[in-house]
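Below is one structure, written out as structure tokens; comments come after it.
In the numbering used here, the protein residues as written are 1 to 429.
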């Protein structure tokens, strides 16, 4: 494909008059439109007037098998995994886990995500069901297997070698779920394999206190103490990190998933993302399975920082639009271990991108597109979603499989799964 958008969002900002050549699922050339059109006269240019071609969003923290219970999480205390997620996921079988994951993948694509990092399911199923779901949907997936018992890690990492969309990862839900020996061994295994170890850290006050009572250290400090903290670690949430722990994250090269909507929905604290950026902590932006909308996620990322630190310090920019777009695209890809694969419009990277309508009232007149995308854009502006060079979504629906049929099936099956799980809502509505 030779694509000629009105605007192309590159690392240094939006540019006009550029074209991209997509071949074999990757960006092969980027340059002046006139030059590329002349040098590829055998190709018919696809002109995208009134649109920006931008990198797809990368969801650094998702739970694909929780989609049936998402609407059960409203108004609940922060630690709801014991009352909502564990009962729900334990009820799933191969077919319902597959259905939940494919529904989540479709929602993610509709929200402009071209990659999701699944943090591991508690469902008693083979994670191949999730791989099948995401592959059929056409979304790139960092797929974790929970190995808190120390078993199955090498097999999982070797199972998906060379797969175009599935990138294996290992997970331990929280540090107290595994022995120090298992955590260290798993971390070393991921480091050697070039994979990431996904683990929830410092998410809630209760989890921090459990760690202090069980091992005498806070979660991030504990991972460092046992020699497990490093560039291969992706710590989810990190909302309650001390200055010392933030320094440990920066010095070790560990990455964090900043999940601002999860903080708002579940009453957590908010991770100090602008401080992390200033201190050199690697971080991506994740949904935690809340809502699959990339534009609303970057808006929440900026807004949460403004409310928790920007207003108190008179920081009127809070990183500006560029910071939040970068940490939801290329830096999010880096956090999930795919920095060399995806996350930006660059030669050699996977052709994972969005075609977004900017000829809309919300963006007229336009002065700073990156700020405008963060503050004013919505998923209804997404005309197309492309992953690995293939069109996966066109005006909100997949062109090569029946999305409405999946939604209808999930509407039928989901409530049955929730009833069977007997969820314990603290404040039923």
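Just so it is clear, CB atoms sit at the ideal spot from N, CA and C, and this is done for glycine as well. Just so it is clear, the structure is predicted and the values come from calculations on it, not from any experiment.
Pick out whichever of 40, 269, 62 and 8 has its Cα sitting closest to the Cα of residue 121. Among 40, 269, 62 and 8, the Cα nearest to that of residue 121 belongs to 62.
What does DSSP give as the partner residues of residue 393 in its beta bridges? When beta bridges are read from the DSSP output, residue 393 appears opposite 385.
Restricting to Cα atoms, I'd like to know which of 106, 181, 232 and 183 is closest to residue 168. The option with the nearest alpha carbon to residue 168 is 232.
Given 8 Å as the limit, is there contact between the region 257-277 and the region 213-228, that is, 3 or more CB pairs closer than that? Contact fails: fewer than three Cβ-Cβ distances are below 8 Å.
Answer yes or no: the CB of residue 309 versus the heavy atoms of the ligand NAP, is any distance below 7 Å? Absent from the structure shown: the ligand NAP. Ligands present: none.
Between the Cα of residue 273 and the Cα atoms of 265, 266, 267 and 284, which residue gives the shortest distance? For residue 273, the nearest C-alpha among the options comes from 284.
If you draw a straight line from the C-alpha of residue 153 to the C-alpha of residue 116, how long is it? Within the model, the alpha-carbon separation for residue 153 versus residue 116 is close to 20 Å.
Check each candidate in 78, 180, 416 and 38 and name the one with the smallest Cα separation from residue 264. Measuring from the Cα of residue 264, the nearest candidate turns out to be 78.
Same chain, Cβ closer than 7 Å to residue 193, five either side skipped, listed in chain order: So the list reads 157, once near-sequence residues are dropped.
How big is the Cα-Cα spacing for residue 2 and residue 35? One C-alpha to the other measures close to 12 Å.
So is residue 15 buried or exposed if we call it buried at 16+ other beta carbons inside 10 Å? With fewer than 16 other beta carbons inside 10 angstroms of its own, residue 15 counts as exposed.
List the endpoints of the continuous beta strand (DSSP E) containing residue 141. Per DSSP, the continuous beta strand (DSSP E) segment holding residue 141 begins and ends at 140-146.
Given that a residue counts as buried once 16 or more other Cβ atoms are within 10 Å of its Cβ, and exposed if not, what is residue 386? By the neighbour-count criterion, in which 16 or more other beta carbons inside 10 Å mark a residue as buried, residue 386 falls on the buried side.
Can you check which of these residues, 398, 414 and 348, is closest to residue 28 by C-alpha distance? Closest in alpha carbon position to residue 28, among 398, 414 and 348, is 348.
Work out the CA separation of residue 356 and residue 132 for me, nearest whole Å. The straight-line gap separating the alpha-carbon atoms of residue 132 and residue 356 is approximately 28 Å.
Using a Cβ-Cβ cutoff of less than 6 Å, which residues in the same chain neighbour residue 37 once the five nearest sequence positions on both sides are dropped? Closer than 6 Å at the Cβ level, and outside the excluded window around residue 37, lie 45.
Taking the alpha-carbon positions, what's the residue 409 to residue 100 distance? When rounded, the distance between both Cα atoms is 10 Å.
Name the residue from 162, 342 and 124 whose alpha carbon lies nearest to the alpha carbon of residue 94. Per the Cα distances, 124.
For residue 26, does the three-state DSSP call read helix, strand or coil? In the structure shown, residue 26 adopts extended strand secondary structure according to DSSP, grouped into three states.
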